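Numbering (our numbering), first residue to last: 1283 to 1420. All residues carry an ideal CB built from backbone N, CA and C; glycine is no exception. Keep in mind the model is a prediction, meaning the values are calculated, not measured.
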DNA sequence: CCCTGATTCGC
DNA sequence: GCGAATCAGG
C-alpha cells in the first residue's frame, strides 16, 4: 500500500466517517490490519471496538399501535402488513376499545356485518383491553 | 464464533 | 514504514 497524502486523507476521512477498519480496508483495497496499523502510526485512532454507525437510520419507522391512548379507538385501518397500517385512533367509548362509530361495527348483534365494513383484524371481544401490544415489525 | 480495534514484530 | 500475526474487548 502506498500511503501518499491522498490515500492517507481518504483513510482519515473514512476513519472519521465512522467506518470500521474492515470497511475502510475494503474501500482502500487493503486489509483491516493495514488500516489499523496506519491509523495507529498516524496518531489517530482509539475508538471503541465494535464501532457502530450510531448516526441516524432507524427511528420513526415503528409507529402505529404504540402511541395509542388508553381511550383510542383500536379499529384497524389498512393492511397490518403494510407500513402505513394504523388504527382509527379516535376517542373510544369508555370501557370499549373502539369509538362509537366502530363499536357498532365491532359489536354486531347477530354476528351480521355491514357489507362495506371490513371485519376487524383484532376483534375487541378478544383483544387486550388497555394493553395493546405493538406487534409491528416482526 | 462472530465482530471490532490495538499491539507486536519480522520484513 | 508497512502490515500479517497476534492479542484483547464485546
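- Out of 1312, 1377, 1370, the CA that lies nearest to the CA of residue 1285 is found in 1312.
- Bounds of the alpha helix (DSSP H) holding residue 1296 are 1287-1298.
- The shortest CA-to-CA distance from residue 1360 to any of 1353, 1370, 1352 is the one to 1370.
- Residue 1373 carries a strand assignment under DSSP once its states are collapsed to helix, strand and coil.
- The Cβ-Cβ distance between residue 1301 and residue 1320 does not fall below 8 Å.
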